[in-house]
Amino acid sequence: MGNRKTRSVIKRIYVPTHVRDLPNGEKLKIPGHYKAPPGEGSDTVE
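Number 47 marks the last residue of the sequence shown (my numbering); no jumps.
Structure representation (structure tokens):
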């Protein structure tokens, strides 16, 4: 057999915790989470 190099395939990416400022002045904290990388078909949900 030949020397076959295994390579890592990224199945999900980490989205870090961030804070959103809402129009009414409130701050919404979005916790960190994992999501599918762009191009996987399920990147419309955040």
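Yeah, the Cβ is synthetic: ideal placement off N, Cα and C, and Gly gets one too.
6 angstroms CB neighbourhood of Y35 in its chain, flanking five on each side removed: Correct list, in chain order: R13 and Y15.
Between the CA atoms of T7 and D22 - distance to the nearest angstrom: Straight-line Cα distance between these residues: approximately 43 angstroms.
V20 versus A37, V10, I11 and P32, residue with shortest Cα-Cα distance: The option with the nearest alpha carbon to V20 is P32.
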